[in-house]
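Participant:
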Amino acid sequence: MTQSISGLSEAALAVFAFAAYHQLASGQAVRSVVQRDGVGHKASDAAVAELRDRGLIEADGEEIRFTQGGEEALQAVISSIRNA
């Protein structure tokens with residue numbers, strides 16, 4: 054069953070938008086995204102905590118890895134974009 058991303062903050066949704074962009078642009082499945090790129094771009098700490106609390110990701114400060122539920126939610130986001 055796909056986990057819902059309903060009710061997530063915009064910062065948390067942005068993590069999914071970033072991953073969806075990379076998957077659509079590359080044509081490759083995205084299972085993780087950079088949390089902190091070393092040149093000033095980073096995912097919101099609050100968003101990372103929110104996604105972790107929902108069981109959608111695991112993060113180590115450098116990389117955000119989607120859990121199985123997170124990967125399923127990401128695919129649902131991508132399907133929604135394709136069907137919009």
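Counting from 1 along the sequence shown, just add 53 to a position and that's the residue number in our numbering. Positions of the beta carbon are idealized from the N, C-alpha and C atoms, including for glycine.
Under the three-state reduction of DSSP, which class applies to R118: helix, strand or coil?
Facilitator: Of the three classes helix, strand and coil, the one that applies to R118 here is strand, per DSSP.
Participant: Helix or strand or just coil, what does DSSP make of S97?
Facilitator: DSSP places S97 in coil when its eight states are reduced to three.
Participant: Rounded to whole angstroms, what is the Cα-Cα separation between D98 and Q128?
Facilitator: Cα to Cα, D98 sits roughly 23 Å from Q128.
Participant: Considering only the alpha carbon of each residue, which of A82, E125, V83, Y74 lies closest to I58?
Facilitator: The residue with the shortest Cα to Cα distance from I58 is E125.
Participant: Is V143 near H94, with beta carbons less than 8 Å apart?
Facilitator: This structure cannot speak to residue 143, because the chain is shown only from 54 to 137.
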